[in-house]
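S.K.: I have a structure I would like to understand better, so I am pasting it below and will then ask my questions one at a time.
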Amino acid sequence: METKNAKVLITGANRGIGKAVAKRLAEDQAHLYLAIRKNDPQLVEEMKKAGAASVQIIESDLSSRAGVEKLIQQTQGLNIDILFNNAGLLTGGLFEEQPIDDILSMLQVNVDALIHLTHGLLPGMLSRKRGKIINHSSVSGIMHLPCASTYAASKAAVLAFSNCLKQELKDSGVSTLVLITPGVKTRMFDQIEPLYGKNIEVPKDTITPERYAEMIREAIVEDLTELSPSGTTGFALGMARHVPRLFDFAVSLKFKR
Ligand SMILES: NC(=O)c1ccc[n+]([C@@H]2O[C@H](COP(=O)([O-])OP(=O)(O)OC[C@H]3O[C@@H](n4cnc5c(N)ncnc54)[C@H](OP(=O)(O)O)[C@@H]3O)[C@@H](O)[C@H]2O)c1
47 METKNAKVLI TGANRGIGKA VAKRLAEDQA HLYLAIRKND PQLVEEMKKA GAASVQIIES
107 DLSSRAGVEK LIQQTQGLNI DILFNNAGLL TGGLFEEQPI DDILSMLQVN VDALIHLTHG
167 LLPGMLSRKR GKIINHSSVS GIMHLPCAST YAASKAAVLA FSNCLKQELK DSGVSTLVLI
227 TPGVKTRMFD QIEPLYGKNI EVPKDTITPE RYAEMIREAI VEDLTELSPS GTTGFALGMA
287 RHVPRLFDFA VSLKFKR
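Here our numbering is used: the first residue of the sequence shown is 47, the next is one more, and so on.
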């Protein structure tokens, strides 16, 4: 899909990967609708300076069903072309040590809000026969590591949801893109070591949010349905996908309780 003049709604666009993608699409003169928790006039200025055709902040909190419903209401009539379900939370550590409140909050943002928002925006896209839904999964959705149980479950759910939707939407004018994201140097990545590091060796490889935003932009323009990593992470991902027992064995050597 062309990004120039596209109307793009991005959740979690105030920092990390969401902000980098917003900025990259601003350079393509997209119309940006930034769904973030707190108004941020400086962010608006930054996006306008980068070239955005227009920028609108939609203050929204995805931590409740009511918050997502409000966001859906606010997007009615905007004729959004690209929905980027990006906002997310990380949980981790030995399962019995993860606070249940953290787990349920994470599932609300990573899974419930993503499915709910898609449910709210898809009918409009289908009636216009135009749209793209980008869902943020992770290598954790395929590479099932100890200490990542609940986060991995959320990202596997995002992947399954996106793959089913991809098939349902065939020839509808609406397409999906699922991001099997590797390590990207953001605040979330920095939380991995303290959460997982006591029990498992944490991979240190990262790319910058700006580099990853460029790759996401290319995947949008080329209408890819999945963006997944190459290199060492790509090799490990292939192992987890095709020879999961070998992957599990390799991982077990890096884990201690
Ligand atoms: N970085 C990685 O290595 C990596 C790898 C795989 C997948 N991912 C995925 O990439 C996506 C973006 O993460 P990131 O790495 O850019 O991390 P980040 O810098 O921590 O950004 C997370 C974003 O989600 C927003 N968010 C969290 N809870 C929210 C809520 N209740 N309502 C609305 N927004 C909320 C945050 O907003 P606030 O600033 O208001 O908290 C922030 O904008 C996530 O889905 C993550 O799972 C990241």
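We put the beta carbon where it would ideally sit given N, CA and C, even for glycine.
From this set, 190, 199, 282, 117, which residue's C-alpha is nearest residue 164's C-alpha?
M.R.: 117
S.K.: Here's a check: name, in chain order, each residue in its chain whose Cβ is nearer than 6 Å to the Cβ of residue 102, leaving out the five neighbours to either side.
M.R.: 79
S.K.: Is there at least one non-hydrogen atom of ligand 1 closer than 7 Å to the beta-carbon of residue 227?
M.R.: yes
S.K.: What is the rounded straight-line gap between the Cα of residue 276 and the Cα of residue 282?
M.R.: Straight-line spacing of the CA atoms in residue 276 and residue 282 works out to 9 Å.
S.K.: Is it right to say residue 240 is buried, meaning 16 or more other beta carbons lie within 10 angstroms of its own, or is it exposed?
M.R.: exposed
S.K.: Within the same chain, show all residues whose beta-carbon is closer than 7 Å to that of residue 90, passing over the 5 residues directly before and after it, in chain order.
M.R.: 101, 103
S.K.: Quick check: what's the CA-CA separation for residue 191 versus residue 84?
M.R.: 34 Å
S.K.: When burial is assigned at 16 or more other CB atoms within 10 Å of the CB, is residue 182 buried or exposed?
M.R.: Classification of residue 182: buried, given that the 10 Å Cβ count is 16 or more.
S.K.: Would you call the CB atoms of residue 178 and residue 261 closer than 8 Å?
M.R.: no
S.K.: Which whole-angstrom value is the C-beta distance of residue 287 and residue 188, which I expect to be below 8 Å?
M.R.: For a cut-off of 8 Å, the C-beta gap from residue 287 to residue 188 is around 6 Å, short enough to register as a contact.
S.K.: Bridge partners for residue 179 per DSSP, in chain order?
M.R.: 129, 222
S.K.: What is the DSSP secondary structure of residue 204, counted as helix, strand or coil?
M.R.: When secondary structure is reduced to three states using DSSP, residue 204 falls in the helix class.
S.K.: Considering only their Cβ atoms, is the gap separating residue 195 from residue 226 smaller than 8 Å?
M.R.: no
S.K.: With a CB to CB cut of under 8 Å and the five nearest residues on each side skipped, what residues in its chain are close to residue 263?
M.R.: 49, 67, 70, 71, 74
S.K.: Please list the segments of the beta strand (DSSP E) lying wholly inside the stretch 83 to 131, counting only runs of 3 or more residues, in order along the chain.
M.R.: Inside the stretch 83 to 131, DSSP marks whole beta strand (DSSP E) runs of 3 or more residues at positions 100 to 105, 128 to 131, from first to last along the chain.
S.K.: Quick test of your reading: residue 255 and residue 62, contact by CB under 8 Å. State the CB separation rounded to the nearest angstrom.
M.R.: Rounded, the Cβ-Cβ distance is 6 Å, consistent with contact.
S.K.: Which two residues bound the contiguous beta strand (DSSP E) that contains residue 262?
M.R.: Segment 255 to 267 is the alpha helix (DSSP H) holding residue 262; no beta strand (DSSP E) there.
S.K.: Rounded to the nearest angstrom, what separates residue 87 and residue 52 at their Cα positions?
M.R.: Distance from the CA atom of residue 87 to the CA atom of residue 52, rounded to whole angstroms, is 22 Å.
S.K.: Ends of the beta strand (DSSP E) at residue 238?
M.R.: Element bounds for residue 238: not the beta strand (DSSP E) but the alpha helix (DSSP H), 233 to 242.
S.K.: Could you give the distance in angstroms between the alpha-carbon of residue 235 and the alpha-carbon of residue 110?
M.R.: 24 Å
S.K.: Cβ of residue 108 within 7 Å of any heavy atom in ligand 1?
M.R.: Residue 108: yes, Cβ under 7 Å from ligand 1.
S.K.: Between the alpha carbons of residue 278 and residue 99, how many angstroms are there, rounded?
M.R.: For residue 278 and residue 99, the distance between alpha carbons rounds to 38 Å.
S.K.: May I ask you to list the residues that DSSP assigns as paired with residue 302?
M.R.: Looking at the DSSP assignment, residue 302 forms no beta bridge with any residue, so it has no partner.
S.K.: Have a look at residue 185 and residue 228 and give me their C-alpha separation to the nearest angstrom.
M.R.: 6 Å
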